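Chemist: With the working numbering, letter number 286 in the sequence shown gets 286, and the count goes up by one each step, no holes. Each residue gets a CB set at the ideal place from its N, CA and C atoms; glycine is no exception. Note that the structure is a prediction, hence the values are computed from the model and not measured. Take a look at this one; I'll ask things after.
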Amino acid sequence: KVLTNNPELKLNLDMSYAREMNISFNSNCEGEWVPFSNSIATKWLGGDGEVDIYVKFRNFRKQETPCYSSKVLLDATPPALEFTTKVNEITKEANASFDLDIKEATSGIEELKCRFGSEKDLNNPEMDEKVPFEKCDKSLQFADLPDDTYMLEVQAQDVAGNISPPLKYKWIVDSKVPKLVMRARPNKYTNKTDMVRVEFDSDGEENDGSGLKSYECSVNGAEFSVCSSPFELKNVKDGNFKVKIRATDKAKNVSESNVEFTVDTAEPNVKMVRTPAALSNKRLAQLDFIADPKGGAPLKGVFCSIDGGPEKPCANQSTQSYNNLGDGTHTVTVIAEDEAGNRSKIAQSQFKVDATPPQIQMATDKLPDRFTRTNYAKYFYALSDPNNGSGVKNVTCQIDNQPEKTNCNPKNMNFWSLPDGDHTFKLTVTDKAGNAKSFTHKWTVDRKPPTITINSRPSDSKYAKFSYKIDEEGSGIESVECGFDDEKPRACGWGSAARWLNGKKTHYFKMYVTDKAGNQRTYKTSWWQRVQ
């Protein structure tokens, strides 16, 4: 039996004296007679399989031989290859398994060859020698493959020499999860309810991998569903939200990112618990308040403003103080803001500072002298409250240790029948803020003149000397003056006065003692001097 893969059958014949031959494919040798040739080709049109060839010969006398036969096994069909088990075209698995089904009905399989490698290597003609076909089995295993695009090529050759076309299979190994980049997300706390937007992409990370397959989103634990960027939530209500975004590539690698935020539209609350008095004479003002968030967002801060100035963070979330306040009306506003941007209603405190006492303008030309013989006193005064103050609340006046009076007539305040001695007048004005201003005047009433006691007089001598003692119980001595004869009185000692006098005649001595209140005591005397 002859095996061939060519339907053009070439016959080598040898028959002595043969002049003609008859070749056919039936046992009756009913072919066409043709001139004899040692080598002749005939074509089998019946397809693969065992072929019986029949031939007979005849000589020039037309004598025929018996019908000879020979068997030929024709196999012109290459083996057919098919993967019955194969890895997915895109996979994240590093291991790959393949099983082959080989269909060869005639001559049988002679050899199975494979070649495997990176697609770029196998598609590069320069790599053919480096990555040749090698014998392999019908079951193939590849392990620990790094990420890449791979190609497997398989060829089978049958016993007849037919070679199958290469069976090629390409697949991508991609074990890298897609990169999920959050481009925009809501603030952790927001008061936006019309729409909340999340923007994301994979930042082109899948260009060298298997490629992105889909994005999926889930809100608050709900089932994932296909979504795209931007992912929008509309008409949301207050509450906590958790949006999960999942990116899946074609190799089924998954990356996930979470966006958590709180929607809060509730205004915080601010309540004043301690404020300055409506009217105060203190230049320090302290306010205490309570600020509470009402929704899910915590407080961002509490802001204070005074007298329409810019808002500034309060000292803390419960108190604020202001120092060195000027006189006048002040308004402090407090407002709270939460992390979602909600602002409370304004809490306000208004108060007036009046730290300047009222002013007293006394008619100084009407005041009693420091020392006076007059036993009455009159006072005239006017009041004012500067800086648009709070206004006078009350006026009290007092003489010495007598009880204070409130009927202090500014145009006619008289004190009569004052006894001799030291006196004190005090006028106190208090405004409505509690500021007080006092005017104090001290003087002495002294209606009693000093006393003079002569202790010795001149004797009958040219040297005249007076010794005396001066007593003053009131305002004190202002001056002591004395003179002899026609002298103009002049200051003299408080204990004695003396002169040298000539002439036998009558001499005169005069003395004037005046206290600080103007009371004056006079002493006059004369004597006869006998000595020349």
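Hey, how far is the Cα of residue 127 from the Cα of residue 150?
Modeler: Rounded to the nearest angstrom, the two C-alpha atoms are 14 Å apart.
Chemist: Using the Cα positions of residue 206 and residue 294, report the straight-line distance between them to the nearest angstrom.
Modeler: Annotation note: pLDDT 49 at residue 206 (below 50); position unreliable, no value reported.
Chemist: Per DSSP, residue 274 is paired with what?
Modeler: According to DSSP, which records beta bridges pairwise, residue 274 is partnered with 288.
Chemist: Residue 381: buried (16+ other C-beta within 10 angstroms of its C-beta) or exposed?
Modeler: The residue in question, residue 381, is buried, as its Cβ has 16 or more Cβ neighbours within 10 Å.
Chemist: Between residue 35 and the rest of its own chain, which residues show a CB-CB distance below 7 Å, the 5 nearest in sequence each way excluded?
Modeler: If we look at residue 35 and ignore the five residues flanking it on each side, its Cβ neighbours are 20.
Chemist: Can you give the Cα-Cα distance for residue 401 and residue 451, rounded to whole angstroms?
Modeler: Between residue 401 and residue 451, the C-alpha separation is close to 30 Å.
Chemist: Which class does residue 206 belong to by DSSP, given the choice of helix, strand or coil?
Modeler: Because the pLDDT at residue 206 is just 49, under 50, the model does not fix this residue reliably, and the point stays unresolved.
Chemist: Please go through the region 297-353 and give each complete beta strand (DSSP E) segment of 3 or more residues, from N-terminal end onward.
Modeler: With a minimum length of 3 residues, the continuous beta strand (DSSP E) runs that stay inside the region 297-353 are 299-306, 319-322, 328-338, 347-353.
Chemist: Who pairs with residue 17 in a beta bridge, going by DSSP?
Modeler: None, per the DSSP bridge assignment.
Chemist: Counting Cβ pairs closer than 8 Å, one from the region 486-496 and one from the region 437-452, do we hit at least three?
Modeler: Result no; under three Cβ-Cβ pairs closer than 8 Å.
Chemist: Return the Cβ separation of residue 180 and residue 90 in integer angstroms, given the expectation that the two are a contact with Cβ distance under 8 Å.
Modeler: Contact flag wrong, Cβ pair sits at about 19 Å.
Chemist: To the nearest angstrom, how far is it from the Cα of residue 299 to the Cα of residue 321?
Modeler: One C-alpha to the other measures close to 20 Å.
Chemist: Report all residues from its chain with a CB closer than 6 Å to the CB of residue 68; omit the five preceding and five following residues, and keep chain order.
Modeler: Taken in chain order, the residues that qualify are 55.
Chemist: For the region 22-98, which segments carrying the alpha helix (DSSP H) assignment without a break, of at least 4 residues, lie completely within its bounds, in sequence order?
Modeler: Qualifying alpha helix (DSSP H) stretches: none in this window.
Chemist: So what does residue 427 bridge to, in DSSP terms?
Modeler: DSSP output for residue 427 lists 397, 439 as bridge partner(s).
Chemist: The beta strand (DSSP E) with residue 242 in it runs from where to where?
Modeler: Looking at the DSSP string, the run of the beta strand (DSSP E) that includes residue 242 is 239-249.
Chemist: Which residue or residues does DSSP assign as beta-bridge partners of residue 416?
Modeler: None; residue 416 has no bridge partner.
Chemist: Alpha carbon to alpha carbon, how far is residue 307 from residue 275? Give it in angstroms, no decimals.
Modeler: Approximately 15 Å, taken between the alpha carbons.
Chemist: Hey, is the region 186-198 in contact with the region 151-171, meaning 3+ C-beta pairs nearer than 8 Å?
Modeler: The region 186-198 vs the region 151-171: no contact.
Chemist: DSSP beta-bridge partners for residue 229?
Modeler: The partner list for residue 229 (beta bridge, DSSP) is empty, contrary to what the question assumes.
Chemist: Measuring CA to CA, which of 271, 61, 260, 98 is closest to residue 349?
Modeler: Comparing Cα positions, the closest option is 271.
Chemist: For the alpha helix (DSSP H) that residue 121 lies in, which residues bound it at each end?
Modeler: Element bounds for residue 121: 119-122.
Chemist: Would you grab the beta carbon distance between residue 265 and residue 240 for me? Rounded to a whole angstrom, and I think it's under 8 Å.
Modeler: Wrong, their Cβ atoms sit about 14 Å apart, outside the cutoff.
Chemist: Please check if any C-beta of chain E sits within less than 7 Å of the C-beta of residue 74.
Modeler: The chain labelled as chain E is not found in the depicted structure, where only one protein chain is given.
Chemist: Going by beta carbon distance, what residues of the same chain come within less than 6 Å of residue 413, once the five residues before and after it are set aside?
Modeler: Answer for residue 413: 379, listed in chain order.
Chemist: Within the same chain, show all residues whose beta-carbon is closer than 6 Å to that of residue 526, passing over the 5 residues directly before and after it, in chain order.
Modeler: Contacts found: 506, 508.
Chemist: Give the range of the beta strand (DSSP E) segment to which residue 385 is assigned.
Modeler: Residue 385 -> no beta strand (DSSP E), and no H or E assigned at all.
Chemist: When the distance is taken between beta carbons, is residue 514 closer than 7 Å to residue 479?
Modeler: Yes, the Cβ-Cβ distance between residue 479 and residue 514 is below 7 Å.
Chemist: Pick out whichever of 78, 103, 393, 17 has its Cα sitting closest to the Cα of residue 61.
Modeler: The residue with the shortest Cα to Cα distance from residue 61 is 17.
Chemist: Just to confirm, are residue 440 and residue 426 a CB contact at a threshold of 7 Å?
Modeler: Yes, these two residues count as a Cβ contact at 7 Å.
Chemist: Where does the unbroken beta strand (DSSP E) through residue 184 begin, and where does it stop?
Modeler: 181-184 is the span of the beta strand (DSSP E), which, as asked, contains residue 184.
Chemist: Check whether the Cβ atoms of residue 392 and residue 431 sit closer than 7 Å, and answer yes or no.
Modeler: Yes, Cβ-Cβ distance for residue 392 and residue 431 is below 7 Å.
Chemist: Excluding the five sequence neighbours on either side, which residues of its own chain have a C-beta within less than 6 Å of the C-beta of residue 253, listed in chain order?
Modeler: Once the five neighbours on either side are set aside, the close Cβ partners of residue 253 are 92, 177.
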